[in-house]
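Visitor:
Written as C-alpha cells, this is what we have:
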C-alpha cells in the first residue's frame, strides 16, 4: 500500500482557474547564497493565460540569491502537451517537463536563457513534514520537507556548487483557486551544533468574509509546536521586516523577528489566475531570523540564523 505524501498532485488538468506549485529553497552550506527552484502548473484547462507571453501553463523558475549581490531569475515556459505529471493521488509523485523534474525527494533541471546556462541535480532528505493550511478547493500550503538537507550539484555559467550536503532549507507545495490579496510567509532553518536542526514556518493571509488565517509551526528537539494565535508586532514591506508573538495550548510562548533587509530582496510579477493582471511578490531567501522560545520548566531559548531564513510578502 502506498503512503500518502504531501507532494501529491491536487489539480485536475481540466481546471480552468487554478495554480499549483512545487518549490525548494536551498541555502548553501558555505553561506555564499541561496537558490530557489519553482515548478508551476497554471490554468491547465485553458492552457495558462494564452494572451500573455508570461502565461504558459507549465513553467520552471530558478532564482540565485548571492550573498553580496542582486538576485538573478531564470523563467521558462512550456506547453501542457509536453508535461508528464503523476495522476491525482498517485504516489510516488513526479512532475517532468523536458530536462526538468521534481519528485518526492529530488529535483533537477536545465535552462538556457538570456545567454546564461543553468543546471541542477539535487537530492533532498528530511525528518519533519507539515500541512500549514488546508482550505479544500480554495487552496493549501503543505511542506513535505521542512528541515530539508540537499545534496548534489548546481551549475551556473560554468561555476559549480557541489556538496554532500550542499545546503539546507525547505521543499513546499502550494495550490489555490487564486492567489490571496495579501500574505506574509517565512521559513527559517536553524542549525544547532551537536543537535538536530530546528525549523519555523509561519503564515498569515487574507481569507473570505474579512477573516485572516494565522499559524506558525516550530519543529524543535524532535517535537512539533503549533501556534494558531499569531499576532503581528511589526510588518514593514518597505524595510522588509516581520515580527510576531504567539503561544501554544501547551504553554509555549514564541517571539520571532525576521529581517529581510539588504540587497537580496527580489521582486517578481506573478500572473493572476483570472489572467486579468499581475501583482508583485517580494522574496528574500537570505533573510535573518531570531526566535525566543519559552517553555514551562525550561530556561529561555534563543535560536538564530544569519542566512537560513526566507521571507515573502504580498500586499
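Numbering (the numbering used here), first residue to last: 139 to 453.
C-beta: ideal position from N, C-alpha, C; glycine also.
(1) Of all the options 430, 368, 410, which has the alpha carbon lying nearest to the alpha carbon of residue 155?
(2) Taking DSSP's pairing of strands, which residues face residue 177 in a bridge?
(3) So if DSSP puts residue 298 in a beta bridge, which residue, or which two residues, is it bridged to?
(4) With DSSP collapsed to three states, give me the class of residue 144.
(5) Closer than 7 Å by C-beta to residue 282: which residues in its own chain qualify, once you throw out the five before and the five after it? Chain order, please.
(6) Within 8 Å, do at least three Cβ pairs link the region 251-262 to the region 224-235?
(7) Within a Cβ cutoff of 6 Å, which residues of the same chain sit near residue 318, ignoring the five residues on either side of it in sequence?
(8) What do you get for residue 362, buried or exposed, if any count of 16 or more other CB atoms within 10 angstroms of its CB means buried?
(9) If you count every other CB in all the chains shown that lies within 10 Å of the CB of residue 350, and 16 or more means buried, which is it?
(10) Please name the residue, chosen from 378, 270, 192, 386, that lies closest to residue 424 on a Cα-to-Cα basis.
(11) Just to confirm my understanding: we take residue 187, look at its own chain, exclude 5 residues before and 5 after, and list those with CB closer than 6 Å. What are they?
(12) Find the nearest neighbour of residue 389 within the set 433, 181, 359, judged by alpha-carbon distance.
(13) From what residue to what residue does the beta strand (DSSP E) around residue 451 run?
(14) In whole angstroms, what is the alpha-carbon distance linking residue 139 and residue 336?
(15) Only counting the same chain, and skipping five residues up and downstream in sequence, which positions put a Cβ closer than 6 Å to that of residue 366?
(16) If you drop the 5 nearest sequence neighbours on each side, which residues of the same chain put their C-beta closer than 8 Å to that of residue 288?
(17) Distance, Cα to Cα, residue 248 vs residue 348?
(18) Apart from the five residues just before and just after residue 217, which ones in its own chain have a Cβ nearer than 6 Å to its Cβ?
(19) Would you say the beta carbon of residue 293 is closer than 8 Å to some non-hydrogen atom of the ligand HEM?
(20) Any chance you could list the beta strand (DSSP E) runs of at least 3 consecutive residues sitting entirely within the region 297-337, in chain order?
(21) Identify, in the order they occur along the chain, each residue of the same chain with its Cβ nearer than 8 Å to the Cβ of residue 329, setting aside the five sequence neighbours on each side.
(22) Let me know the secondary structure DSSP gives residue 256 once reduced to three states.
(23) List the DSSP bridge partners of residue 380.
(24) Measure the alpha-carbon distance for residue 269 versus residue 279 and round it to whole angstroms.
(25) How would you call residue 451, buried or exposed, if buried means at least 16 neighbouring beta carbons within 10 angstroms?
(26) How would you write the range of the beta strand (DSSP E) that residue 246 sits in, first residue to last?
(27) Less than 8 Å between the CB atoms is what I'm expecting for residue 391 and residue 380, so what's the real figure, rounded?
(28) For residue 96, which residues does DSSP report across the bridge?
(29) Restricting to Cα atoms, I'd like to know which of 360, 406, 324, 421 is closest to residue 429.
(30) In this structure, does DSSP put residue 165 in helix, strand or coil?
(31) Identify every residue that forms a DSSP beta bridge with residue 241.
(32) Quick one: what's got a C-beta closer than 7 Å to residue 242's C-beta in the same chain, skipping five residues either side?
(33) Under a Cβ-count criterion, where at least 16 other Cβ atoms within 10 Å of its own Cβ denotes burial, should residue 197 be classed as buried or exposed?
Guide: Let me spell this out:
(1) 410
(2) For residue 177, the beta-bridge partners assigned by DSSP are 160, 198.
(3) 293
(4) coil
(5) 143, 144, 145, 267, 309, 311
(6) Contact between the region 224-235 and the region 251-262 is absent: fewer than 3 CB-CB pairs across the two stretches fall below 8 Å.
(7) 343, 344
(8) exposed
(9) exposed
(10) When only C-alpha atoms are compared, the closest one is 378.
(11) 193, 409, 413
(12) The shortest C-alpha to C-alpha distance from residue 389 to any of 433, 181, 359 is the one to 433.
(13) Per DSSP, residue 451 belongs to the beta strand (DSSP E) from 439-452.
(14) Legend: pLDDT at residue 139 = 32, less than 50; position of this residue unreliable, value from coordinates given subsequently. Looking at the two C-alpha atoms, the distance is approximately 31 Å.
(15) For residue 366, the CB contacts under 6 Å within the same chain, skipping 5 residues up- and downstream, are 353 in chain order.
(16) 162, 164, 260, 261, 262, 303, 304, 305, 306, 307
(17) Distance from the CA atom of residue 248 to the CA atom of residue 348, rounded to whole angstroms, is 42 Å.
(18) Counting only Cβ-Cβ distances below 6 Å, and skipping sequence neighbours, we find nothing.
(19) You won't find the ligand HEM in this model; it holds no ligand whatsoever.
(20) 297-314, 321-330
(21) 306, 335, 443, 446
(22) strand
(23) 373, 396
(24) 6 Å
(25) When all chains shown are included, residue 451 counts as buried.
(26) 244-251
(27) Not quite, the Cβ-Cβ distance comes to about 18 Å (not below 8 Å), so this is no contact.
(28) The requested residue 96 is not part of the displayed model; the chain covers only 139 to 453.
(29) For the residues 360, 406, 324, 421, the minimum Cα distance to residue 429 belongs to 324.
(30) Here residue 165 sits in strand by DSSP.
(31) 232
(32) 143, 145, 230, 231
(33) If you draw a 10 Å sphere on the C-beta of residue 197, you find 16 or more other C-beta atoms in it, and that means buried.
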